[in-house]
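Plus 1067 on top of the position in the sequence shown (first one is 1) and you've got the working numbering.
Read the structure below first, then the notes.
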Amino acid sequence: MLGMVTGRFTAVVLLILGVAVEETVWAQDEPAPTVVARFEEATALSIDPAGRLYVADAGADVVRIMGRDGTERAVLGGAGTRAGQFDRPADVDPTNGQTLWVADAGNGRVQRFSEEGLYLEALPVGPAFREGRDQRALDDGRDGATVRGAGRPVAVASTSGDETFVLDGREDAVLKWDDQRRPERVLGARGRPGRTLERPVALALDGTRRLYVADQAAGAVFAFDLFGSLMKRLPISHLPDLRALTIHRKRLWIVCSGRVYVWAPRRGVTTVHEVDLSAPLVDAARRGDDVFLLTERHLYRRPSW
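Structural data, given as structure tokens:
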């Protein structure tokens, strides 16, 4: 245990077609969240089905794998351009716990690792991506070649069928590869007709084969099907300073710098948790009875909302 901080949390339940009702769910005299880990410059948090926590630390060019108490179990990466090394990792997706995707932003690629942390392959991200290109756009690193692209991948998510979606922050577009690592399509690229996205910053995939994209400039979250067709804009008023998206128990968690919105699509209800910490939120996730809150420097644990 590394320390304690003071904090205040409230929740507001917004009925999409009704009147807002406010209730306090975290009083000031309740125990504060516990600091369980510290970082140089954390950029993303994720949890696998086994309960392992993954934090991308861009300041150290590593991904840290931890237990719920912050105990470090493994460290992947280190600064560099070769296979298995990172330059400012921006996002992590542990999929089903057997493979791990890392958005290696500074090197213009996403890298895939085994459960044991062994490097498996890399996908270069950037303008060379073309729809319909009939070849595998990957490198397994076995020949020692450096795999890099001209893009800047800032988010990555993979389906159970091994389709891979990557958000290229340089082009403000979402790229998709099929299970054979063939590039399929682009969502929102500049200059394309029907462009929807302005400044996308985060991705999430749910169990109904729906892709959510957080657009910071629009202050909104959009839902697409996996073929790239826009389904809807989520019925939530302006979302300030969007940071991250995650799915927990069929609910979408929308992380802003000072709030976490939990949207239940079937009920059409959004619960808003205001978070008062010493620094803006970067990401958040839930596992069992714990909620984990990530800032650039700290990972906090608190009782579940």
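Cβ atoms here follow ideal geometry from the backbone N, Cα and C, with glycine treated the same way.
In this text the structure is predicted, and so the values were computed from the model without any measurement.
Rounded separation between residue i and residue j - CA only
i	j	result
Q1095	Y1121	Any reading at Q1095 must be qualified, since the residue scores a pLDDT of 39, below 50, and its modelled position is unreliable; the value itself is stated next. The alpha-carbon atoms of Q1095 and Y1121 are separated by roughly 29 Å.
D1308	V1214	33 Å
A1123	Y1367	15 Å
G1193	A1099	43 Å
F1291	R1318	16 Å
R1333	G1173	38 Å
F1180	G1144	10 Å
P1220	R1155	10 Å
D1246	D1229	5 Å
L1410	V1102	It is not possible to answer for residue 1410, since the shown part of the chain is limited to 1068 through 1372.
W1320	D1350	10 Å
A1352	E1341	15 Å
R1176	Q1152	11 Å
R1364	A1127	12 Å
R1266	D1158	16 Å
R1237	T1148	19 Å
A1269	S1227	19 Å
V1130	L1297	33 Å
Sub-8 Å separation of residue i and residue j beta-carbons
i	j	result
G1164	E1183	no
V1322	L1348	yes
R1369	L1360	yes
L1278	D1239	no
L1234	A1222	yes
L1242	A1281	no
E1108	A1125	yes
I1132	A1141	yes
G1376	A1111	With the chain covering only 1068 through 1372, there is no way to say anything about residue 1376.
R1249	G1295	no
Residue i in three-state terms, based on DSSP
i	result
G1173	helix
D1292	strand
G1305	Note on identity: in this sequence residue 1305 is His, with Gly being the wrong assignment. Coil, per DSSP.
L1278	strand
V1336	strand
R1237	coil
W1372	coil
F1106	coil
V1268	strand
R1140	strand
P1161	coil
K1317	coil
R1219	coil
Close Cβ partners of residue i (< 6 Å) along its chain, the five nearest in sequence each way excluded
i	result
T1231	S1225, W1244
Q1178	V1169, D1171, A1189
L1301	V1288
I1314	A1271, D1273
L1167	P1161, F1180
Heavy atom of the ligand HEM within 7 Å of residue i beta-carbon
i	result
D1273	This structure lacks the ligand HEM; in fact it carries no ligand of any kind.
Spatial neighbours of residue i in its chain, beta-carbon cut-off 8 Å, leaving aside the 5 residues before and after
i	result
G1286	H1305, L1306, P1307, L1309
S1324	P1307, D1308, R1310, P1347, L1348
E1097	Note that E1097 scores 48 on pLDDT, short of 50, meaning its location in the model is unreliable and no value can be drawn from it.
P1116	N1163, G1164
G1134	G1118, R1119, L1120, R1140
Cβ-based burial, residue i [other Cβ within 10 Å; buried from 16]
i	result
S1371	exposed
T1337	buried
R1316	exposed
S1113	buried
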